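In our numbering, the protein residues as written are 72 to 328.
For glycine and all other residues, C-beta sits at the position ideal for the given N, C-alpha and C.
These numbers were taken from a predicted model, which means no experiment stands behind them.
Worksheet: the structure to be examined is printed underneath.
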């Protein structure tokens, strides 16, 4: 009812009113009734990882927009095309690195190529390394790779770079927790045939996780998850500043190995 009421409300200082609904798990009967006579000045958007039983009828009345990231094979041609439209060429190695740094987000790819093409006619790997900041998920994975080498100096240097790139300490802690939780889950379910679906990741993503398992025991991974969870609690409860919590947390992880 609240959603329908929002849809029937008039736009404010605009021609169109946008109503965005996330994680909808309720009965959709009222929504279905609304869609039989929708407001012409409202756009109703449901954001969902999948279409549950409650949304099947609603989905049949909607335009489905797939926001999933494209495969690397498609993006190679896409990057070359976008570079060309911006009056530049891009090398194969630069293309591969750009796709990795942007984590296959097309919006970022478009923006980064436009920026790079405004500075050079030939985009090479060095240009990408110097001018493009890795997506937080990609940067976090690179950080965990450095941590796995147990090199304190390199780890802190990379952490400094992530902060200077504009990533918040709190966001990095969240990404670290997500990563090590996945590692822990994989470590105790190595023989599972449904790891990718259980973790909500693509099959190819697992090939990046599995090599890191060699450096950790199940007990160590559990301890790491506890350390990060404690740092997260410390920030949320106001007991420690975000940056201090992050650096302390990472140093404790290094000392576990």
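So residue 327 and residue 316 are in contact, right, with Cβ under 8 angstroms, and what is the actual spacing, rounded?
Here residue 327 corresponds to residue number 256 of the chain shown, with the count starting at 1. Here residue 316 corresponds to residue number 245 of the chain shown, with the count starting at 1. Wrong, their Cβ atoms sit about 17 angstroms apart, outside the cutoff.
Determine the direct distance from the alpha carbon of residue 311 to that of residue 162, and round the result to whole angstroms.
Here the question's residue 162 lines up with position 91 in the chain shown. Here the question's residue 311 lines up with position 240 in the chain shown. Going by C-alpha positions, residue 162 is about 45 angstroms away from residue 311.
With a cut-off of 8 angstroms, do at least 3 Cβ pairs link the region 164-175 to the region 120-133?
no
According to DSSP, residues forming a beta bridge with residue 145:
Taking the chain shown and counting its residues from 1, one reaches residue 145 at position 74. Looking at the DSSP assignment, residue 145 forms no beta bridge with any residue, so it has no partner.
Distance cut-off 7 angstroms: residue 260 Cβ against heavy atoms of the ligand COA
Looking at this structure, you won't find the ligand COA or any other ligand, since it has none at all.
Reduced DSSP category for residue 225 - H, G, I as helix; E, B as strand; rest coil:
The residue you call residue 225 lines up with position 154 of the chain shown. Residue 225: helix per DSSP, three-state reduction.
Curious, which full-length alpha helix (DSSP H) runs of at least 4 residues does the region 77-162 contain?
100-106, 127-130, 143-156
Only counting runs of 3 or more residues, tell me where the beta strand (DSSP E) segments fall wholly within the region 287-327, in order along the chain.
none
Are there 16 or more other CB atoms within 10 angstroms of the CB of residue 212, so buried, or fewer, so exposed?
Translated into the one-based positions of the chain shown, residue 212 becomes position 141. Per the 10 Å Cβ criterion, buried.
At which residue ranges does the region 182-207 contain complete alpha helix (DSSP H) runs of 4 or more residues, listed in the order of the chain?
196-202
Starting from residue 263, trace the alpha helix (DSSP H) in both directions and tell me its first and last residue.
Within the chain shown, the letter at position 192 stands for residue 263. No alpha helix (DSSP H) holds residue 263; DSSP gives it neither H nor E.
So is residue 164 buried or exposed if we call it buried at 16+ other beta carbons inside 10 Å?
Taking the chain shown and counting its residues from 1, the one referred to as residue 164 is at position 93. Its Cβ having fewer than 16 others within 10 Å, residue 164 is exposed.
Could you give the DSSP three-state label for residue 239: helix, strand or coil?
The sequence position of residue 239 within the chain shown is 168, counting from 1. In the structure shown, residue 239 sits in coil (DSSP, three-state: anything other than H, G, I, E or B).
Considering only the beta carbon of each residue, do residue 116 and residue 150 sit closer than 8 angstroms?
In the chain shown, residue 116 corresponds to position 45, counting from 1. In the chain shown, residue 150 corresponds to position 79, counting from 1. Going by C-beta atoms, residue 116 is not nearer than 8 angstroms to residue 150.
Measure the Cβ-Cβ separation of residue 207 and residue 242 and say whether it is below 8 angstroms.
On the chain shown, residue 207 is found 136 positions in, with the first residue counted as 1. On the chain shown, residue 242 is found 171 positions in, with the first residue counted as 1. Yes. Within cutoff.
Check whether the region 253-271 and the region 291-307 touch, using three or more Cβ-Cβ pairs below 8 angstroms as the test.
yes
Taking Cβ positions, are residue 226 and residue 283 nearer each other than 8 angstroms?
In the chain shown, counting from the first residue as 1, residue 226 sits at position 155. In the chain shown, counting from the first residue as 1, residue 283 sits at position 212. It is not a contact, given that the beta carbons lie outside the stated cut-off.
Between 280, 232, 125, which has its C-alpha nearest residue 200's C-alpha?
Numbered from its first residue, the chain shown carries residue 200 at position 129. Checked all of 280, 232, 125; the closest Cα to residue 200 is 232.
Have a look at residue 155 and residue 136 and give me their C-alpha separation to the nearest angstrom.
For this step, residue 155 is matched to residue 84 along the chain shown. For this step, residue 136 is matched to residue 65 along the chain shown. Rounded to whole angstroms, residue 155 to residue 136 spans 27 angstroms at the Cα level.
Please name the residue, chosen from 73, 85, 84, that lies closest to residue 100 on a Cα-to-Cα basis.
Residue 100 sits at position 29 when you count from the first residue of the chain shown. The residue with the shortest Cα to Cα distance from residue 100 is 73.
When DSSP labels each residue in this structure, what does residue 211 get in the three-state scheme?
Counting from one through the chain shown, the residue named residue 211 turns up at place 140. If DSSP states are grouped into helix, strand and coil, residue 211 belongs with the helices.
Please look up how many angstroms separate the CB atoms of residue 321 and residue 218, rounded, as I've assumed it's under 8 angstroms.
In the chain shown, the residue the question calls residue 321 occupies position 250. In the chain shown, the residue the question calls residue 218 occupies position 147. 7 angstroms between Cβ atoms; contact.
Helix, strand or coil for residue 220 per DSSP?
Here residue 220 refers to the residue found at position 149 when the chain shown is read from its first residue. Coil, per DSSP.
In chain order, what residues of the same chain have a beta carbon less than 8 angstroms from the beta carbon of residue 87, not counting five sequence neighbours either side?
By 1-based counting over the chain shown, the position of residue 87 is 16. Answer for residue 87: 112, 113, 114, listed in chain order.
Return the chain-ordered list of same chain residues with a C-beta closer than 7 angstroms to the C-beta of residue 324, the five sequence neighbours on each side being excluded.
Here residue 324 corresponds to residue number 253 of the chain shown, with the count starting at 1. For residue 324, where only same-chain residues beyond five positions count, the Cβ hits under 7 angstroms are 218, 295, 298.
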